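Peer 1: Under the working numbering, the final residue of the sequence shown carries the number 588; numbering is consecutive throughout. Beta carbons are placed, not taken as given, at the ideal position from N, Cα and C, and that holds for glycine. In this text, all values refer to a predicted model and were calculated from it rather than measured experimentally. So that we are looking at the same thing, I have put the structure below in structure tokens.
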Amino acid sequence: MDDDGNIQIICPLSDLIYDQNGTIFNHKPLEKILALSNLIKGAQMKIVFFLFLPIISSFDTTMCGIRKDCVFSPPGCLLQQCAYFISFASADEWTTFEMATTNISRGTNYLAVGLSEDELMGEDPVTYCYFPEGGTPILNVGFNSGKSNKVADESMKPLILNNFMLLHSEHKENNIFCSFRQRIKPRIKHEMIAHLNNNYFILMARGSISSPEKLGKHSLSPSSSDFPFISPTSFNITHFFSSSTLSFTEVSSTTSIPSSISYLSVQSRLWMIKIHGVLMVIPWLSLIPSSIISARYLRNEWKCLSPGGVHLWFHPVTLSLDFLGDAVIEFSEILDSDSSRHSDPICIARKQRKTDFDVTSSGANTTTTRKICMPIIHRVLNWISLILLIISTLLVLIAKDFKWKGPWPNKPPGKSTSPGALHSLIGTISLIGIVIQFISAYFRPSPDSIIRPYFNTFHRFVGIFSLLSALVATLVASFFFLKYWTDTTKAFLLTLISSLFILSSFLIFEVIYNRNCLYPTNQTRKIWLIYFSSFDVLWFWRRRTTILRLRTMRKTSIEKS
Numbered sequence: 028m029d030d031d032g033n034i035q036i037i038c039p040l041s042d043l044i045y046d047q048n049g050t051i052f053n054h055k056p057l058e059k060i061l062a063l064s065n066l067i068k069g070a071q072m073k074i075v076f077f078l079f080l081p082i083i084s085s086f087d088t089t090m091c092g093i094r095k096d097c098v099f100s101p102p103g104c105l106l107q108q109c110a111y112f113i114s115f116a117s118a119d120e121w122t123t124f125e126m127a128t129t130n131i132s133r134g135t136n137y138l139a140v141g142l143s144e145d146e147l148m149g150e151d152p153v154t155y156c157y158f159p160e161g162g163t164p165i166l167n168v169g170f171n172s173g174k175s176n177k178v179a180d181e182s183m184k185p186l187i188l189n190n191f192m193l194l195h196s197e198h199k200e201n202n203i204f205c206s207f208r209q210r211i212k213p214r215i216k217h218e219m220i221a222h223l224n225n226n227y228f229i230l231m232a233r234g235s236i237s238s239p240e241k242l243g244k245h246s247l248s249p250s251s252s253d254f255p256f257i258s259p260t261s262f263n264i265t266h267f268f269s270s271s272t273l274s275f276t277e278v279s280s281t282t283s284i285p286s287s288i289s290y291l292s293v294q295s296r297l298w299m300i301k302i303h304g305v306l307m308v309i310p311w312l313s314l315i316p317s318s319i320i321s322a323r324y325l326r327n328e329w330k331c332l333s334p335g336g337v338h339l340w341f342h343p344v345t346l347s348l349d350f351l352g353d354a355v356i357e358f359s360e361i362l363d364s365d366s367s368r369h370s371d372p373i374c375i376a377r378k379q380r381k382t383d384f385d386v387t388s389s390g391a392n393t394t395t396t397r398k399i400c401m402p403i404i405h406r407v408l409n410w411i412s413l414i415l416l417i418i419s420t421l422l423v424l425i426a427k428d429f430k431w432k433g434p435w436p437n438k439p440p441g442k443s444t445s446p447g448a449l450h451s452l453i454g455t456i457s458l459i460g461i462v463i464q465f466i467s468a469y470f471r472p473s474p475d476s477i478i479r480p481y482f483n484t485f486h487r488f489v490g491i492f493s494l495l496s497a498l499v500a501t502l503v504a505s506f507f508f509l510k511y512w513t514d515t516t517k518a519f520l521l522t523l524i525s526s527l528f529i530l531s532s533f534l535i536f537e538v539i540y541n542r543n544c545l546y547p548t549n550q551t552r553k554i555w556l557i558y559f560s561s562f563d564v565l566w567f568w569r570r571r572t573t574i575l576r577l578r579t580m581r582k583t584s585i586e587k588s
């Protein structure tokens with residue numbers, strides 16, 4: 028009550044302290060809000076509500092925005108309902124961390140903070156406070172290797188003492204608080220100790236462990252209150268909160284949302300990247316290899332199959348072979364003369380190719396046509412693959428804010444040769460190759476065109492090169508992207524086995540395709556080798572030799588007539 032008989036009541040308004048539009052919630056306790064002024068019966072009572080930030084388990088929020096800045100989670104939470112609190116303040120060579128968590132589950136006895144170069148767990152230094160039952164709180168460090176964590180052992184204690192200092196810690200029934208100092212620049216470089224003068228995403232997690240030698244798994248359900256906190260953007264904590272270099276206004280401006288920051292949640296981007304991986308694996312490890320095998324090795328199986336009169340897998344086309352003339356007939360006769368030497372069904376099926384020829388005349392004006400079956404299955408699988416690859420590429424571009432993550436001249440040393448950069452580069456090469464395949468297939472010359480051999484060579488080379496590039500990119504992702512796998516060893520082995528299975532399948536089919544039944548005599552050995560061995564490095568030159576030989580045979584036939 029003041030001298031005029033007015034009663035002033037100061038009440039906390041903890042539900043009005045959040046800037047819902049901010050990424051990092053910068054509280055300004057100096058701004059007071061006059062919420063209500065009223066008269067009450069019998070006395071003039073003036074009720075003034077001030078913005079007052081209470082202390083949650085020793086976490087002093089009254090200094091947020093003055094001597095330190097604070098990050099609360101989840102965004103827009105009421106102070107009593109926030110799951111995580113963390114603040115930073117830098118001075119001299121040290122940064123002071125204060126972190127707290129409320130509404131903890133029963134048995135929760137550790138609180139950890141990780142500094143990550145991206146939004147995902149993996150390859151991150153971690154500092155945590157552990158509260159053993161009935162014992163003294165312990166500050167320790169660790170390192171996230173993929174989805175697992177390894178912590179410092181006894182040999183690391185001198186290094187920890189030189190770079191960390193536990194200031195204060197509390198464990199109550201419903202909350203945990205921990206305050207410690209960390210040297211900004213470590214005296215010795217180590218994966219478990221971050222250099223704080225860099226940009227990092229803040230990761231916070233809580234859980235239960237039985238000993239400080241191993242951190243227990245935290246909740247993996249996004250809907251759980253124990254799910255880890257991930258800051259929506261990265262920042263340099265030593266630059267943000269140095270009171271000697273930043274005024275209060277400048278601190279406020281640095282905590283607003285930059286225009287370049289993605290508005291997608293971390294979990295949304297994570298799921299996009301996972302779906303991107305799945306949609307890439309399905310075409311490259313299944314559909315595309317199947318389409319190649321069907322086109323090259325299975326075109327003579329179930330020839331012109333027409334269930335119900337509809338050509339489901341293949342469709343017949345008629346080819347004009349005018350430019351070869353009688354050479355084709357003579358070539359057909361060569362095959363016929365050796366057909367009785369082999370009884371293998373595969374060989375017989377291939378010998379039956381000669382029966383597809385339809386000779387309409389003879390001599391110099393010979394027009395030879397041939398019915399063959401082109402594999403629709405090859406086209407269908409490739410079109411499905413292209414659609415999946417386009418969707419997959421769009422998803423990862425959206426998740427990465429349409430920023431190129433591959434090698435670039437202006438990137439810092441090591442960034443252009445990192446696994447992520449190499450994966451982006453090799454994956455892009457494979458995608459460019461598949462696009463070239465579709466464009467070249469659209470302009471494919473007719474079978475009797477003189478440039479058809481050149482097209483076949485180019486088409487096969489680009490296809491195999493694109494597939495090999497995609498397999499390498501997949502192996503890089505499964506081996507180095509530890510944060511996306513619960514068991515990195517199994518993921519890599521499964522990818523490696525699948526890749527080897529694909530390559531061995533090609534090898535086995537090629538051996539069967541080119542075995543001795545294709546070369547019945549010395550006269551036809553080279554001809555068959557050229558027509559059915561696209562994996563031979565001398566294929567192009569041998570094909571050219573065959574065409575010249577067939578033309579010579581045609582010229583000889585014309586002279587005889």
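#1: In terms of alpha-carbon separation, which member of I236, P164, F262 lies closest to E144?
#2: Does the pairing of the stretch 218-226 with the stretch 167-187 give three or more beta-carbon distances under 8 Å?
#3: Measuring straight from C-alpha to C-alpha, what distance separates C91 and G447?
#4: Which of the three DSSP states is assigned to R487 in this structure?
#5: Which whole-angstrom value describes the C-beta separation of V153 and I229, a residue pair presumed to lie in contact below a C-beta threshold of 8 Å?
#6: Go ahead and pull the three-state DSSP assignment for E181.
#7: I need the DSSP call for A354, collapsed to helix, strand or coil.
#8: Under 8 Å Cβ to Cβ from W431, same chain only, skipping five residues before and after it: list those, please.
#9: Comparing the CB of I257 with every heavy atom of the ligand SAH, is any distance shorter than 7 Å?
#10: Tell me the DSSP bridge mates of H217?
#11: Would you be able to state if there are at least three C-beta pairs under 8 Å between the stretch 496-516 and the stretch 452-469?
#12: By Cβ distance below 6 Å, which residues in the same chain neighbour I113 in space, the five residues on each side in sequence not counted?
#13: Within the continuous beta strand (DSSP E) that includes A139, where are the two ends?
#14: Can you tell me whether R133 is buried or exposed, with buried defined as 16 or more other CB within 10 angstroms of its CB?
#15: Quick check on the burial criterion: 16 or more other C-beta atoms within 10 angstroms. Buried or exposed for D96?
#16: Comparing C-alpha positions only, which one of L416, L527, M231 sits nearest to D151?
#17: R208 by DSSP, collapsed to three states: which one?
#18: Start and end of the beta strand (DSSP E) containing Y540?
#19: How long is the line joining the alpha carbons of L291 and K510, rounded to whole angstroms?
#20: Using alpha carbons as the reference points, say which of T522, M183, G490, W512 lies closest to I320.
#21: Give the DSSP bridge partners of W121, in chain order.
#22: Give me the Cβ distance between L422 and V503, rounded to the nearest whole Å; I'm assuming they're in contact under 8 Å.
#23: With a threshold of 16 other CB atoms inside 10 Å of the CB of E200, please say whether the residue is buried or exposed.
#24: Report buried or exposed for L520, applying the criterion of at least 16 other Cβ atoms within 10 angstroms of its Cβ.
#25: Cα separation between P213 and H303?
#26: Contact defined as beta carbons within less than 8 Å: I believe F507 pairs with G460. What is the distance between those atoms, to the nearest angstrom?
#27: Taking contact to mean 3 or more Cβ pairs, one atom from each stretch, closer than 8 Å, check whether the stretch 526-542 and the stretch 460-480 are in contact.
#28: In the DSSP assignment, find the unbroken alpha helix (DSSP H) run with S443 in it and report its ends.
#29: Go ahead and pull the three-state DSSP assignment for K430.
#30: Take the Cβ of F429 as the centre, count every other Cβ of all protein chains shown within 10 Å, and call the residue buried at 16 or more, exposed below.
#31: Return the chain-ordered list of same chain residues with a C-beta closer than 7 Å to the C-beta of I131, the five sequence neighbours on each side being excluded.
#32: Please list, in chain order, all residues of the same chain as S561 whose beta carbon is under 6 Å from its beta carbon, the five residues on each side excluded.
#33: To the nearest whole angstrom, what separates the beta carbons of L186 and I211, a pair I think is in contact under 8 Å?
#34: Given a cut-off of 8 Å on the beta-carbon distance, is the pair I425 and M299 in contact?
#35: If I'm right that S412 touches P310 with Cβ under 8 Å, what's the distance once you round it to whole angstroms?
Peer 2: So, from the listed chains and residues:
#1: Taking the first residue of the sequence shown as 1, we reach residue 144 at position 117. The shortest C-alpha separation from E144 is found at F262.
#2: A contact exists between the stretch 218-226 and the stretch 167-187.
#3: Looking up residue 91 in the sequence shown gives position 64. Looking up residue 447 in the sequence shown gives position 420. Taking the straight line joining both Cα atoms gives about 37 Å.
#4: Sequence index remark: in the sequence shown, residue 487 carries index 460 (1-based). Helix at R487.
#5: Here residue 153 refers to the residue found at position 126 of the sequence shown. Here residue 229 refers to the residue found at position 202 of the sequence shown. V153 to I229, Cβ: 12 Å. No contact.
#6: Within the sequence shown, numbered from 1, the residue matching residue 181 stands at position 154. In the structure shown, E181 sits in a helix (DSSP, three-state: H, G or I).
#7: Here residue 354 refers to the residue found at position 327 of the sequence shown. Residue placement at A354 is poorly supported in this model, since its pLDDT is 37, which falls under 50; the coordinates still yield a value, given next. A354: helix per DSSP, three-state reduction.
#8: As a first step, residue 431 is located in the sequence shown; it is residue number 404 there, counting from the start. Contacts found: S451.
#9: With respect to the ligand SAH, the structure shown offers nothing to examine, as it has no ligands at all.
#10: Here residue 217 refers to the residue found at position 190 of the sequence shown. DSSP lists I220 as partners of H217.
#11: yes
#12: Your numbering for residue 113 matches position 86 in the sequence shown. Only V98, M126 meet the Cβ criterion.
#13: Translated into the one-based positions of the sequence shown, residue 139 becomes position 112. Segment 137-143, the beta strand (DSSP E) holding A139.
#14: Position 106 of the sequence shown, counted from the start, is the residue given in the question as residue 133. So R133 ends up on the exposed side.
#15: If you number the sequence shown from 1, residue 96 lands on position 69. The residue is buried, with at least 16 neighbouring Cβ atoms inside 10 Å.
#16: Against the sequence shown, residue 151 aligns to sequence position 124. For D151, the nearest C-alpha among the options comes from M231.
#17: For the purposes of this step, residue 208 is taken as residue 181 along the sequence shown, with counting starting at 1. Of the three classes helix, strand and coil, the one that applies to R208 here is strand, per DSSP.
#18: Reading the sequence shown from its first residue, position 513 is the one you call residue 540. From DSSP, Y540 is part of no beta strand (DSSP E) but of the alpha helix (DSSP H) over 515-540.
#19: Here the question's residue 291 lines up with position 264 in the sequence shown. Here the question's residue 510 lines up with position 483 in the sequence shown. Cα to Cα, L291 sits roughly 19 Å from K510.
#20: Counting from 1 along the sequence shown, the entry for residue 320 is found at position 293. Nearest option by C-alpha distance: G490.
#21: Here residue 121 refers to the residue found at position 94 of the sequence shown. Beta-bridge pairing links W121 to A118, R210.
#22: Position 395 of the sequence shown, counted from the start, is the residue given in the question as residue 422. Position 476 of the sequence shown, counted from the start, is the residue given in the question as residue 503. Going by Cβ atoms, the distance from L422 to V503 rounds to 19 Å, so no, they are not a contact pair.
#23: In the sequence shown, the residue the question calls residue 200 occupies position 173. Counting the other Cβ atoms within 10 Å of the Cβ of E200 gives fewer than 16, which makes it exposed.
#24: Residue mapping note: residue 520 aligns to position 493 of the sequence shown, counting from 1. L520 comes out exposed.
#25: Residue mapping note: residue 213 aligns to position 186 of the sequence shown, counting from 1. Residue mapping note: residue 303 aligns to position 276 of the sequence shown, counting from 1. Going from the Cα of P213 to the Cα of H303 covers about 38 Å.
#26: Reading the sequence shown from its first residue, position 480 is the one you call residue 507. Reading the sequence shown from its first residue, position 433 is the one you call residue 460. F507 to G460, Cβ: 22 Å. No contact.
#27: no
#28: In the sequence shown, counting from the first residue as 1, residue 443 sits at position 416. No alpha helix (DSSP H) holds S443; DSSP gives it neither H nor E.
#29: Within the sequence shown, residue 430 is the residue found at index 403, counting from 1. Three-state DSSP puts K430 in coil, outside helix and strand.
#30: Sequence index remark: in the sequence shown, residue 429 carries index 402 (1-based). It is exposed - the Cβ of F429 has fewer than 16 other Cβ atoms within 10 Å.
#31: Taking the first residue of the sequence shown as 1, we reach residue 131 at position 104. Here the set comprises N201, N202, I203, R233.
#32: Working through the sequence shown from its first residue, we reach residue 561 at position 534. Low per-residue confidence applies at S561: pLDDT is 39, beneath 50, and the placement is therefore not dependable, though the value from the model is reported in the following sentence. Here the set comprises R487.
#33: As a working mapping, residue 186 is identified with position 159 in the sequence shown. As a working mapping, residue 211 is identified with position 184 in the sequence shown. That belief does not hold up - the Cβ atoms of L186 and I211 are roughly 16 Å apart, past 8 Å.
#34: Within the sequence shown, numbered from 1, the residue matching residue 425 stands at position 398. Within the sequence shown, numbered from 1, the residue matching residue 299 stands at position 272. Yes, these two residues count as a Cβ contact at 8 Å.
#35: Looking up residue 412 in the sequence shown gives position 385. Looking up residue 310 in the sequence shown gives position 283. Contact holds; Cβ gap of about 4 Å.
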